[in-house]
Structure formats: C-alpha cells, structure tokens
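Single-structure report; data block below.
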Amino acid sequence: MADASAYADNIKKYAKGYNQKAAEKIVGHLGIALRNRDSSLVSCSDPGELQRVREKFCRGKLGLAQKNDEIDAAMGKICEKMKPEGGNKSRVTFYYLLAEHFGKLDELAG
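Under this note's numbering, residue 1405 is the last one in the sequence shown; the count climbs by one each step, no gaps.
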C-alpha cells in the first residue's frame, strides 16, 4: 500500500475531507513519478500538461465521460484554489481534488 502521509496535510488544506484510501490509490497510481520533483508537480500554466492530466488521469484512471470543457473548467477551479502554492502544485493533491470534484473518491478508495 502506498504511503500518502507526506501529502495528507496539503490535501487537507484544500479538500472538503480526507479519504486516506483514495489518497493512497493516487500515490500508488503515480508511483515513481513522485520521486522526481518535476513530475511530482502540476504546472497550471502548461496547457500540454493539463491536457495530459485530463486524458491520462481524468479519462484513463477516473473514467470520466464529461466533455473536455467541463473537465478543463474543473482543473481551472483547482488551479485557482491552489494558487497559494505558487507556480507548481502537488500532483497528488491536484489529482485528489479532481477526484473529489467529480465524486470519484469512494470509487478510487474501493
């Protein structure tokens, strides 16, 4: 089981609650990408990166069928919410907030 404790405080700062199992699944999903500082962060100013998040995580992992505009709007809200983090946001927290927004935390944790 992946250890999500390093991300718990950051997630709790922005999320409505904290689903440890869902957070662990996200950490497990990201795997070795989290070892590299660059790939462990999301840059909201990089449209290519946001597109990859939409396709690989939102569509691939969460199985979202929403229109791109709807997913992009949700990512925009999360970028705005996480603005205090500066230019780069924790990928674990960003993914967690996306799953929360689309009501997929329980499914992830399952």
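Ideal Cβ placement from N, Cα and C applies to all residues, glycine included.
Give the DSSP bridge partners of residue i, in chain order.
i	result
Ser1338	Asn1383
Kindly list the residues whose CB is nearer than 6 Å to the CB of residue i, restricted to its own chain and excluding five residues on each side of it in sequence; keep chain order.
i	result
Ser1335	Leu1329, Arg1386
Leu1345	Met1370
Cys1339	Cys1374
Among the options, whose alpha-carbon lies nearest the alpha-carbon of residue i?
i	options	result
Leu1325	Gly1398, Thr1388, Gly1381	Thr1388
Ile1327	Lys1378, Gly1358, Ala1297, Pro1379	Ala1297
His1396	Glu1350, Lys1378, Leu1359	Leu1359
Phe1248	Gly1312, Lys1378, Asn1383, Gly1323	Nothing about residue 1248 can be reported from this structure: the residues present for the chain run from 1296 to 1405 only.
Tyr1309	Lys1362, Glu1402, Gly1398, Lys1378	Lys1378
Gly1381	Val1337, Gln1361, Asn1363, Val1348	Val1337
Between residue i and the rest of its own chain, which residues show a CB-CB distance below 8 Å, the 5 nearest in sequence each way excluded?
i	result
Ser1400	A small fix is needed here, since residue 1400 is Leu in this sequence, not Ser. Answer for Leu1400: Asn1314, Ala1317, Tyr1391, Ala1394, listed in chain order.
Lys1372	His1396
Please list, in chain order, all residues of the same chain as residue i whose beta carbon is under 7 Å from its beta carbon, the five residues on each side excluded.
i	result
Ala1404	Asn1314, Lys1316, Ala1317, Lys1320
Okay, do the segment 1359-1372 and the segment 1301-1321 touch, 3+ Cβ pairs below 8 Å being the bar?
Under the Cβ criterion (8 Å, minimum of three pairs), the segment 1359-1372 does not count as touching the segment 1301-1321.
If we require 4 or more residues per run, which alpha helix (DSSP H) segments fall completely within the segment 1353-1382?
You should have 1363-1376.
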